[in-house]
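Engineer:
There are 2 protein chains.
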Amino acid sequence: SISKATIDRLPLYFRALRNAQEEGLDIISSDELGRRLSITPEQIRKDLTSFGQFGKKGVGYYVNELKKNVSNILGLDNHWNMAIVGVGHLGAALANYQNLGMLGFQLVALFDRKPEVIGTTVNHVQVEDMERVSEIVHERNIKIGVITVPAAFAQDVADRLISAGVKGIWNFAPAKMCVPDDVCIVNEDIFTGLSTLSYHMVHM
Amino acid sequence: SISKATIDRLPLYFRALRNAQEEGLDIISSDELGRRLSITPEQIRKDLTSFGQFGKKGVGYYVNELKKNVSNILGLDNHWNMAIVGVGHLGAALANYQNLGMLGFQLVALFDRKPEVIGTTVNHVQVEDMERVSEIVHERNIKIGVITVPAAFAQDVADRLISAGVKGIWNFAPAKMCVPDDVCIVNEDIFTGLSTLSYHMVHM
Ligand SMILES: NC(=O)c1ccc[n+]([C@@H]2O[C@H](COP(=O)([O-])OP(=O)(O)OC[C@H]3O[C@@H](n4cnc5c(N)ncnc54)[C@H](O)[C@@H]3O)[C@@H](O)[C@H]2O)c1
Ligand SMILES: NC(=O)c1ccc[n+]([C@@H]2O[C@H](COP(=O)([O-])OP(=O)(O)OC[C@H]3O[C@@H](n4cnc5c(N)ncnc54)[C@H](O)[C@@H]3O)[C@@H](O)[C@H]2O)c1
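Just so you know, the sequences run in chain order V and D.
For the first sequence, the residue numbers in this note's numbering are 26 to 229.
For the second sequence, the residue numbers in this note's numbering are 26 to 229.
1. Any idea which residues DSSP pairs residue 42 of chain D with across the strands?
2. Sorted by chain position, which residues of the same chain lie with C-beta nearer than 8 Å to residue 39 of chain V's C-beta, five sequence neighbours on each side aside?
3. What alpha helix (DSSP H) runs, 4 residues minimum, are completely inside the stretch 156-207 of chain D?
4. Got a sec: is the Cβ-Cβ distance from residue 117 of chain D to anything in chain V below 7 Å?
5. With a cut-off of 7 Å, does the C-beta of residue 226 of chain V fall near any C-beta of chain D?
6. Ligand 1 heavy atoms versus the CB of residue 121 of chain D: any closer than 6 Å?
7. Which residues share a DSSP beta bridge with residue 85 of chain D?
8. Which same chain residues end up closer than 8 Å to residue 188 of chain D when comparing Cβ atoms and leaving out the 5 residues on each side of it in sequence?
9. Restricting to Cα atoms, I'd like to know which of D/111, D/157, D/27, D/56 is closest to residue 175 of chain D.
10. Listing by chain order, which chain D residues have their CB less than 9 Å from the CB of residue 39 of chain V?
11. Could you check if residue 155 of chain D belongs to the surroundings of ligand 2, using beta carbon to heavy atom distance under 6 Å?
12. When you compare only the Cα positions, how much space is there between residue 216 of chain D and residue 36 of chain V?
13. Decide if residue 177 of chain V is buried, meaning its Cβ has at least 16 other Cβ atoms within 10 Å, or exposed.
14. Apart from the five residues on each side of it in sequence, which residues of its chain come closer than 6 Å, Cβ to Cβ, to residue 108 of chain D?
15. Give me the chain C residues within the contact set of residue 100 of chain V, using Cβ-Cβ distance strictly less than 7 Å, ordered along the chain.
16. So, at 7 Å on beta carbons, what are the nonlocal neighbours of residue 128 of chain D in its own chain, with the 5 sequence-adjacent residues on each side left out?
17. Under the rule that 16 or more other beta-carbon atoms within 10 Å means buried, what is residue 196 of chain V, buried or exposed?
18. So does the stretch 55-67 of chain D actually touch the stretch 207-223 of chain V, counting three or more Cβ pairs closer than 8 Å?
19. If you count every other CB in all the chains shown that lies within 10 Å of the CB of residue 79 of chain V, and 16 or more means buried, which is it?
20. Got a sec: does ligand 2 put a non-hydrogen atom nearer than 6 Å to the Cβ of residue 112 of chain D?
21. Decide if residue 153 of chain D is buried, meaning its Cβ has at least 16 other Cβ atoms within 10 Å, or exposed.
22. Just reading off the alpha helix (DSSP H) that residue 121 of chain D is part of, what are its end residues?
23. List the residues of chain D that residue 130 of chain V touches, going by C-beta distances under 8 Å, in chain order.
24. Give the single residue among D/106, D/228, D/34, D/32 whose Cα lies nearest to the Cα of residue 163 of chain D.
25. Assuming residue 202 of chain V contacts residue 179 of chain V under a Cβ cut-off of 8 Å, what Cβ separation, rounded to an integer in Å, is found between them?
26. Measure the C-alpha to C-alpha separation of residue 148 of chain V and residue 161 of chain V and round it to an integer number of angstroms.
27. Does the beta-carbon of residue 173 of chain D have 16 or more other beta-carbons within 10 angstroms, so that it is buried, or is it exposed?
28. Nearest-angstrom Cα distance between residue 46 of chain V and residue 42 of chain D?
29. Which residue or residues does DSSP assign as beta-bridge partners of residue 154 of chain V?
30. In chain V, which residues lie with their C-beta within 9 Å of the C-beta of residue 169 of chain D?
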C-alpha cells in the first residue's frame, strides 16, 4: 500500500513525465527526475518501487511507460464528467482552462443562479439554472462537481450535487465542508502556493 | 535544516492551526493535528521538532504559539506588496479573493494591456497599463508578481516584472519559465488537485 506522501507526489510525477515526454526524452534517470521534483533520487526510487515501478539499473525509467502507469494509478485514464457550480471569475477561469480537458476530465455542465449568467456559453458549454442540477447530473452522468460559489453557499451546493449522484467534490470555497464517507473531497486552497513562495523568499 | 517535504507541509500546518484557532482551541495534540493533516502523529512530531517546536509531553501544542511560529517561518509576518498581471477571469478571481489580504500579502497593483480592462477597478485597485509596470513596481515597492496571462506571454511578463525589481513570481500560466537565481518562482498547477481527487475516486 502506498503512503499518503507518495500519493500526494504522484500528480507531480505525472506532470514531470509529461514535460519529459514533450521534450522528447525516452529515458529519465532517478537523478534527473529528482532534480525536476526537488527530491532525492533515493526518494524517487522508493516512491516508484512502492507502486511496482522498477527502473532499468544504471539507466533509469522509460518515460512513456512510467507516465502511462502513473496516469493509470491516478485514474486519469478514466473518463470523468465534470460540472462547475458558480460561473463567476474563478468558475469561468476553470471552465476555460484548456489543459483539464486533456486529462480525462470533461466539462459537461455549468450551473449558476444569476439570471444574467444563466444561458450564457463558456467554452462551448451553456450555463444552466441551479434548479436543474439533479436532472442534469443524472442525464449527463456527472461524477465530479467543482464548487466555485461564495463560502456561504458551498455546503448547500455540495449537498445538492451529492444527492444528485456526484461522487467527487473539488471545492474552492473557503468553507469547512461535510460530505458522506462514500464521497471524496479535495479542498483547494490557493494560499498554500503563495505561502510556499513567501517561505522561499524569506530564506533565500 | 528542514526537509523539503516538511517545508511543503508548513502551509498546511498554518491552515490547520488557523482553523483550530477559529474553533477556540488552546491546545492541540499531535494525534488531532495528524488527523486534520491526514499524516501520522509521529510525522507531526518529527516535522515540528525539526524547526524547534517541542510540544508539552502528554498534552500537545499551544495553538496560538505554534501558529505564530509557523507563520514566522513561512514569512507571513512580512509585508509583501503584490501585483497581478493579466486581469482576466483568473486574475480577477485572485484579486477578489479576500483571504490573501489577511496573510501579509497586499494587492497594490493590477496590470493588463486590453484597453477595455485598463482603468477598471477590482477590489479597490485600479488596473494600470502594462507599459507602466517598471515605474509602478518601483513606486509601490512590489516584491511579488502574480502571472495570470495566457501561456505565450508569461515569460515576457516575468522578465519585465523581474527587471523592475520583483523577487518572487507566482505563475499560473502553463508555460515553462526561466528566472535568475535570486528570484523565487512557484508554478501553480490546478491540475494536481483534480488528479488527487481522481486517485481517491478510483481507489475508494
Ligand atoms: N480556494 C482558492 O484558492 C480560491 C481563490 C480565489 C477564489 N476562491 C473562492 O472561489 C469562490 C468564487 O470566487 P469568485 O471570485 O469567482 O466569485 P464570484 O462572485 O465572481 O462568482 C461566484 C458565482 O457563484 C454564483 N453563485 C452564488 N451562489 C450560488 C448558488 N447557490 N448556486 C449556484 N451559483 C451560485 C454567483 O452567481 C456567481 O456567478 C469564492 O468562494 C472565493 O472565495 C478561492
Ligand atoms: N495554473 C492553473 O491551474 C490555471 C487554471 C486556470 C487558468 N490558468 C491559466 O491562467 C491564465 C489566465 O487564464 P484566464 O482564463 O484568466 O484568461 P483570460 O484570457 O480571461 O485573461 C488573460 C488576461 O491577460 C491579459 N494579457 C494578455 N497578455 C498580456 C500581457 N502581455 N500583459 C498584460 N496583460 C496581458 C489579457 O488582456 C486578459 O485580460 C492562462 O494562462 C490559463 O491557462 C491556469
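No residue lacks a Cβ here, since even glycine has one placed at the ideal position from N, Cα and C.
Model, not experiment: these values are computed from the prediction.
Structural biologist: So, to answer that:
1. DSSP output for residue 42 of chain D lists no bridge partner at all.
2. 92, 95, 96, 99, 101
3. 158-164, 176-189
4. yes
5. yes
6. yes
7. D/81
8. 159
9. D/111
10. 216, 217, 220
11. yes
12. 8 Å
13. exposed
14. 134, 167, 170
15. The displayed structure is made up of protein chains V and D, and chain C is not among them.
16. 101
17. buried
18. no
19. exposed
20. yes
21. buried
22. 114-121
23. 219, 223
24. D/106
25. 6 Å
26. 18 Å
27. buried
28. 40 Å
29. V/137
30. 219, 222, 223, 226
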